[in-house]
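> If you're matching them up, the sequences are chains E and U in order.
Residue numbers for the first sequence follow our numbering, beginning at 302 and rising by one.
Residue numbers for the second sequence follow our numbering, beginning at 252 and rising by one.
Heads up, the beta-carbon is just placed ideally off N, CA and C, and yes, glycines get one too.
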Amino acid sequence: MEKVITPVARPKTAEPWKQISFTNMVLLVLASVVPLGVALIAMLAGLQFELALLLVFLPVQLVVGALVGRRVSGKRGMSDAILQVLVIFFAASVFVLLVSVVWSVIQSGLSAMSWQFFSQNNVYISQSTSLEYGGVGHAIIGTLLLVTLSTIVTVPLGIATAVYLTETRGKTRSVVRTLIQALSGLPSVVAGLFIYAMFIASGITQYVGWAGSLSLIPLMLPTVARVAEESLLLVPQELRNGALALGAPAWRAFWLVTMPAAKSGLITAVLLGIARIIGETAPLVVTTFAANGTNLNPFNGAIATLPTYLYGFINSNFDTAVQRAWGAALVILILVAILFIAARVMTRSKKAKKKAGK
Amino acid sequence: MSENETKPVAERRVLRAKPFSRSDRIFFKTATAAANSSIVLVTLILVFLAWRSWPAFQSQGIGYIFGSTWDNNPEKMIMQIGPMLWGSIQLSIIGVLLAVPMSISIAYFIVFMANKKIGSGVTILVDLLAALPSVVLGLWGLIVFSPVAAGWAKLLHDTLGFLPFFANEDGNFLRSPFIAGWVVAVMIVPIIASVTREIFSQLDRELINASLALGAGRWSTFRRVILPTASGGIVGGVLLGLGRALGETVAIYFVLNLVFEVNWFNILQAKGGSVASMIMSKFGEAGPAEVAGLMAAGVVLFVVTLLVNSLASYIVVKAQPWRK
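#1: Against U/G544, what residues of chain E qualify as contacts under a CB-to-CB distance less than 9 angstroms, listed in chain order?
#2: Report the start-end ranges of each alpha helix (DSSP H) in the stretch 471–506 of chain E that is 4 residues or longer and not cut off at the edges.
#3: Work out the CA separation of E/Q349 and E/A602 for me, nearest whole Å.
#4: Going by DSSP, what residues sit across from U/I329 in a beta bridge?
#5: Can you confirm whether U/T556, when its beta carbon is compared against all beta carbons of chain E, has any partner nearer than 8 angstroms?
#6: Taking Cβ positions only, does E/A591 come closer than 8 angstroms to chain U?
#7: Run through DSSP, which three-state label would U/G524 get?
#8: Does E/L522 come within less than 8 angstroms of chain U when only Cβ atoms are used?
#9: May I have the straight-line CA-CA distance separating U/D455 from E/G543, to the nearest angstrom?
#10: Could you name the residues of chain U that E/E539 contacts, counting a contact when the two beta carbons are closer than 8 angstroms?
#11: Against chain E, does U/G455 count as a neighbour if the rule is that its beta carbon must be under 8 angstroms from one of theirs?
#12: How many Å lie between E/L611 and E/V586 at the Cα?
#13: If you draw a straight line from the C-alpha of E/T473 to the C-alpha of U/N287, how long is it?
#14: Step through the CB atoms of chain E and report whether any lies within less than 8 angstroms of the CB of U/F360.
#15: Starting from the beta carbon of U/P352, find every residue of chain E whose beta carbon is closer than 7 angstroms, and list them in chain order.
#16: Quick one: does U/A547 have its CB under 8 angstroms from some CB of chain E?
#17: Of the choices E/V403, E/L445, E/R625 and E/L631, whose alpha-carbon is the least far from that of E/I428?
#18: Report the neighbours of U/A527 on chain E: residues whose CB is nearer than 7 angstroms to its CB, in chain order.
#19: How would you list, in chain order, the residues of chain U whose beta-carbon sits under 8 angstroms from the beta-carbon of E/I481?
#20: Going straight from the alpha carbon of E/L450 to that of E/R577, what length do you get?
#21: When you compare the stretch 511–521 of chain E with the stretch 485–498 of chain E, are there three or more beta-carbon pairs, one atom per stretch, that lie closer than 8 angstroms?
#22: If you measure between the beta carbons of U/V506 and U/V434, is that distance less than 8 angstroms?
#23: Between the stretch 516–540 of chain U and chain E, which residues of the former have a C-beta closer than 9 angstroms to a C-beta of the latter?
#24: Within its chain, find whatever has a CB closer than 8 angstroms to the CB of U/R475; leave out the 5 residues flanking it on each side and keep chain order.
#25: Against chain E, which members of the stretch 482–503 of chain U pass a CB distance test of less than 8 angstroms?
#26: Any beta carbon from chain U within less than 8 angstroms of E/L399's own beta carbon?
#27: Please return the same chain residues whose Cβ sits closer than 7 angstroms to the Cβ of E/T444, not counting the five positions on each side in sequence.
#28: My parser needs the alpha helix (DSSP H) runs of 4 or more residues fully inside the stretch 361–441 of chain E; what are they?
#29: Whole angstroms are fine: how far does the CA of U/E326 sit from the CA of U/V489?
#30: By DSSP, does E/D547 sit in helix, in strand, or in coil?
#31: Of all Cβ atoms in chain E, is any one closer than 8 angstroms to the Cβ of U/Y565?
Spelled out as structure tokens, the structure:
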């Protein structure tokens, strides 16, 4: 007879370090409530929010936390509590800043949203035209065109760079890796100036869409190359060796084994690269000329993009213009969010597959 | 019999890893060419910018870096970027000072305090912050953040105004390096945080557990074990953030008043500088000679950020010996 073993839940007492005595529980609750209360009272007494936060809440929280820490786990508890309070305070401030950015973009951007904001362009629109007319349709098209163009050039280049870094034993690998990392900090305006110096100042072309696309390449390349490298590194060496041992030439081993295994990572690399450049402004301001009309040809004439559209409306005294700017910001944010979620889904599905395989 | 025996020793076989088929050679050559294109790219950027900016360097001499006048009068053009250069450095210092505690805290929180779910959620948030385009942050900085931060600046001035840092003569707290420094901090927090998180999460767990088992608390583990082991990576991350801060263009352009007069440390005064933003603001209506001057600023900026970033990536790589 086969003996059936039914899994038994681990008894709670097996994790004694997770148990907190009742007094300590009360103390912990007190430690998180008291400072808030004191700060609230101080604010009701007429203290400014920032002052109440910094001069009342934080010190009181530190002192109370330290006292409770001392009571709960002795002398060391004091410094631990102080560390935790500070860490959470700083982390929370980052969170507040981020939420403030996203929230203000969504809130102010929604007021500009309407169907024609997506479908119309900027012809006959001045800074004070009411929001019922005009929109970012031309800029969305322009952004998509330019970004597509940059992507077409950058993705093979970036992935080939990653291949060089992971699949070969080339001599310049460390140099390339350092330069790629250094390029990721390339000031965007310098990238624009470079293309300007190369093509526009030398009279090869006027302000034109493809120059903008070119200026985005040095900004996108490091992201694509780095993320692609990471994902290729994750492919187990045994897979490659197996393919090579079976007699596959290196390129087929890469094409049929390594690349499919790293597919989701490579797609993530592309998506993150696009997210990196989709909101770039400075290089486009230097190399393209923002048109008001819709231009479907990035190889000829002025072309508008979302960032340059936003840039054009931002510093205005008219509320409508500023609202247009917020609207464009929201559109950029939505595009970035879509790319981001897609990248997340890609990496997520890979992990899920791995788990299922085990 | 044995003296006659000469064993035919095969020539020692050399194992070669060189690709022998033509298609493989093409494959590897393509990869090598693509990878070396980044070297070519950096060289090209330097060459073209230096070439176009040569007239400016020639006519302005060393004063280009240290002087503090910008006069685009075509007959007697004076272009000197001293205040902008100092402004960039000043903003980066403010930004890094503000960003370092926040980013180390958030990395510590993700790796050592939060459980897995919350940790990965916060990681996504930090990555999202990294993906916010700088023009969006500029808009936010100009319209939402500046008034709030001006309030903070006024508070600082009212309470600590006796310190020379927080002096303010005209009661105008907008468009000051203080505010721009905050915006820069928001931009570089995700960079420093993600590098630090990477380093933290790859630290030897046994080291930390050993420390905890010996009775050290969170604080002493952090101070005596985590920080010393991770310091290299943190420094590298900070330098990467510094490089980004030096090159930040659009956001600063909106929230900072660019003035060609060196403002050494009055960070609440509406008087600051930034090389990148200066290029952006002057580019629109610049004539050819002035464009050469702006190109020269681009060269300076590029060289500085390239040095900072190369140093940073070198340190980050050195700090992760487990990655080859």
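Taking the geometry as given:
#1: Counted from its first residue, the second sequence places residue 544 of chain U at position 293. Those do not exist, as U/G544 stays about 12 angstroms from chain E at its closest Cβ, beyond 9 angstroms.
#2: Runs of the alpha helix (DSSP H) inside the stretch 471–506 of chain E: 474–484 and 489–496.
#3: Sequence index remark: in the first sequence, residue 602 of chain E carries index 301 (1-based). Sequence index remark: in the first sequence, residue 349 of chain E carries index 48 (1-based). Position check: residue 602 of chain E holds Gly in this sequence, whereas Ala was assumed. Spanning the two alpha carbons is a distance of roughly 54 angstroms.
#4: As a working mapping, residue 329 of chain U is identified with position 78 in the second sequence. In the DSSP output, where bridge partners are listed per residue, U/I329 has U/D322.
#5: Working through the second sequence from its first residue, we reach residue 556 of chain U at position 305. By this cut-off, U/T556 is an interface position.
#6: Looking up residue 591 of chain E in the first sequence gives position 290. E/A591 does not count as touching chain U.
#7: Here residue 524 of chain U refers to the residue found at position 273 of the second sequence. Coil at U/G524, not helix or strand.
#8: Mapped onto the first sequence, residue 522 of chain E falls at position 221. Output row for E/L522: interface = yes.
#9: Against the second sequence, residue 455 of chain U aligns to sequence position 204. Against the first sequence, residue 543 of chain E aligns to sequence position 242. Roughly 31 angstroms between the two C-alpha positions.
#10: Here residue 539 of chain E refers to the residue found at position 238 when the first sequence is read from its first residue. Simply none; closest approach about 17 angstroms.
#11: Walking along the second sequence from the start, residue 455 of chain U turns up at place 204. The amino acid occupying residue 455 of chain U in the given sequence is Asp; Gly does not appear at that position. Not an interface residue.
#12: In the first sequence, the residue the question calls residue 611 of chain E occupies position 310. In the first sequence, the residue the question calls residue 586 of chain E occupies position 285. When only Cα atoms are considered, E/L611 and E/V586 end up about 11 angstroms apart.
#13: For the purposes of this step, residue 473 of chain E is taken as the residue at position 172 of the first sequence. For the purposes of this step, residue 287 of chain U is taken as the residue at position 36 of the second sequence. Using only the alpha carbons, I get a separation of about 8 angstroms.
#14: Residue 360 of chain U sits at position 109 when you count from the first residue of the second sequence. Yes - at least one Cβ of chain E is within 8 angstroms of the one on U/F360.
#15: Along the second sequence, one-based indexing puts residue 352 of chain U at 101. Residues of chain E passing the Cβ test: F391.
#16: One-based indexing of the second sequence puts residue 547 of chain U at position 296. No - not a single Cβ of chain E is within 8 angstroms of the one on U/A547.
#17: The sequence position of residue 428 of chain E within the first sequence is 127, counting from 1. Here the sequence assigns Gln to residue 428 of chain E, which means Ile is not the residue at that position. Residue E/R625 is the option with its Cα nearest to E/Q428.
#18: As a working note, residue 527 of chain U is residue 276 in the second sequence. Contact annotation for U/A527 against chain E: P488 and V490 [CB-CB distance below 7 angstroms, chain order].
#19: In the first sequence, counting from the first residue as 1, residue 481 of chain E sits at position 180. Neighbours of E/I481 on chain U, chain order: S289.
#20: The residue given as residue 450 of chain E occupies position 149 in the first sequence. The residue given as residue 577 of chain E occupies position 276 in the first sequence. About 15 angstroms.
#21: yes
#22: Within the second sequence, numbered from 1, the residue matching residue 506 of chain U stands at position 255. Within the second sequence, numbered from 1, the residue matching residue 434 of chain U stands at position 183. Contact flag set, yes.
#23: V526, A527, S528, I530, M531, F534, G535 and P539
#24: By 1-based counting over the second sequence, the position of residue 475 of chain U is 224. Excluding sequence neighbours, U/R475 sits near S462 and A467.
#25: L491, G494, R495, L497, G498, E499, T500 and V501
#26: Against the first sequence, residue 399 of chain E aligns to sequence position 98. By this cut-off, E/L399 is an interface position.
#27: Here residue 444 of chain E refers to the residue found at position 143 when the first sequence is read from its first residue. The answer, listed in chain order, is I579, T606 and L607.
#28: 416–420
#29: Here residue 489 of chain U is taken as the residue at index 238 of the second sequence, counted from 1. Here residue 326 of chain U is taken as the residue at index 75 of the second sequence, counted from 1. Whole-angstrom Cα-Cα distance: 44 angstroms.
#30: Position 246 of the first sequence, counted from the first residue, corresponds to residue 547 of chain E. According to the sequence provided, residue 547 of chain E is Leu. The question's Asp does not apply to it. Of the three classes helix, strand and coil, the one that applies to E/L547 here is coil, per DSSP.
#31: Within the second sequence, numbered from 1, the residue matching residue 565 of chain U stands at position 314. The beta carbon of U/Y565 sits closer than 8 angstroms to some beta carbon of chain E.
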